[in-house]
Amino acid sequence: MWVYEKKLQYPVKVTSCNPTLAKYLIEQYGGSDGELAAALRYLNQRYTIPDKVIGLLTDIGTEEFAHLEMIATMIYKLTKDATPEQLKEAGIADHYVNHDSALFYHNAAGVPFTASYIAAKGDPIADLYEDIAAEEKARATYQWIINMSDDPDLNDSLRFLREREIIHSQRFREAVEILKEERDRKIFF
Amino acid sequence: MQQTLPEEFYQWMEELQAVDFVLVELTLYLDTHPQDQTAIQQFNQFAQQRKHIKKAIESKYGPLQQYGNSYSGMPWNWSDGPWPWQL
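Residue numbers (the working numbering), protein chains in the order written: chain W, 1 to 189; chain S, 1001 to 1087.
Take a look at the structure:
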């Protein structure tokens, strides 16, 4: 089971109400390379991956939920004081008319989250390469959002998340090596 | 709803976040380097430190976890804010 802790993984501060930034950030909430997709992708792959890497998929998958909560906190804080007029100016009137200020799992262009963002091939190497690619795409997305953002407090938290993608990618690369070693050992058995 | 707690709370929280960062990093590292004895020693040392910080925060500001991972006050204080996004 999972145990919730009343604590963000890293502090989230925003300088001012800024629904335009929230519009970009939602890409990492309900987008193809976002935190929800990451968490669901890794936790789902655990059941059929070799035992040696189940722990890693469990722990990274769990950390992704902590990142999802940070992104949600950013979006919430950036929009909570916005008027409908401000949301309209930010280009998220279409979100507002459906959801008011509620968060929803869709990407920056408003496309709802879909399970087709997640691959599960059942082949351990294919799945881990998918995971490495996902981390690199998420890292790049964080960089593009940082480039768009002029909020120094928010950028500090975004940089933390960007660095986590690098670590995850690194650990997944090590997992690939562990599985290759196992495979080669079997050939010379 | 937005709430503000005493400055001391934010300092404690940051200390917990810092220690937990070490623990998350070591957890992922040990998942792929299970034989690293020094890292395991460091992990256990920080795990103990986290227990102390958790206890200190909870004694003043209520439970951080539930399902029995933290004690409850009277009345039940788990559902009391602020939640992390309300700070």
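For each residue, glycine too, the CB sits at the ideal point set by N, CA and C.
Three or more Cβ pairs drawn from the segment 133-149 of chain W and the segment 157-173 of chain W lie within less than 8 angstroms of each other, which places the two stretches in contact. Measuring C-alpha to C-alpha distances from S:Ala1018 to each of W:Asp123, W:Lys13, W:Lys7, W:Asp33 identifies W:Lys7 as the nearest. Residues of chain W with a Cβ closer than 8 angstroms to the Cβ of S:Val1022 do not exist, since the nearest Cβ in that chain sits about 12 angstroms away. Counted as a single uninterrupted DSSP element, the alpha helix (DSSP H) harbouring S:Ser1059 occupies residues 1037-1061.
The C-alpha of W:Val111 is placed about 14 angstroms away from the C-alpha of W:Ala37.
Taking C-beta atoms as the reference points, W:Asn155 and W:Gly31 fail to come closer than 8 angstroms. Nothing from the segment 23-53 of chain W brings a Cβ to less than 7 angstroms from some Cβ of chain S.
Under the three-state reduction of DSSP, S:Gln1003 is assigned to coil, being neither helix nor strand. Secondary structure remark: continuous alpha helix (DSSP H) runs of at least 4 residues inside the segment 122-162 of chain W, in chain order: 124-148. Beta-bridge partners assigned by DSSP to W:Glu5: S:Gln1065. With a beta-carbon spacing of about 21 angstroms, W:Thr114 and W:Ala22 fall beyond the 8 angstroms limit used to define contacts. In the DSSP annotation of this structure, S:Gly1073 is not part of any alpha helix (DSSP H), being labelled neither H nor E. For S:Asn1077, none of the residues of chain W pass the 7 angstroms Cβ criterion, the least Cβ distance being about 11 angstroms. The alpha-carbon of W:Ile92 is positioned some 12 angstroms away from that of W:Asn18.
Residues of the segment 1044-1069 of chain S whose Cβ lies closer than 7 angstroms to any Cβ of chain W, in chain order: Leu1064, Gln1065, Tyr1067, Asn1069. Against chain W, a Cβ distance below 9 angstroms from S:Asp1036 picks out nothing, because the smallest value is about 12 angstroms. Going by DSSP, W:Val97 is part of the alpha helix (DSSP H) stretching over 93-99. The segment 168-188 of chain W makes contact with the segment 1027-1035 of chain S, as at least three CB pairs between them are under 8 angstroms. Boundaries of the alpha helix (DSSP H) around W:Gln28: 27-30. Taking all protein chains in view, the Cβ of S:Thr1027 is crowded by 16 or more other Cβ atoms within 10 Å, so the residue is classified as buried. Counting along the chain, W:Phe65 sits inside the alpha helix (DSSP H) bounded by residues 54-79. Chain S has a Cβ within less than 8 angstroms of the Cβ of W:Tyr4. Here S:Pro1084 is buried. Its C-beta has 16 or more other C-beta atoms within 10 Å.
For W:Tyr117, the nearest beta carbon of chain S is not closer than 8 angstroms to its own beta carbon.
Taking a cut-off of 8 angstroms for Cβ pairs, the segment 60-80 of chain W and the segment 10-17 of chain W touch, as three or more such pairs fall below it.
When the Cα atoms are used, S:Tyr1010 and S:Val1022 turn out to be separated by approximately 19 angstroms. Residue pairing by DSSP places W:Pro112 opposite W:His106 in a beta bridge.
Going by DSSP, S:Leu1087 is part of no alpha helix (DSSP H) at all; its letter is neither H nor E. In the structure shown, S:Trp1012 adopts helical secondary structure according to DSSP, grouped into three states.
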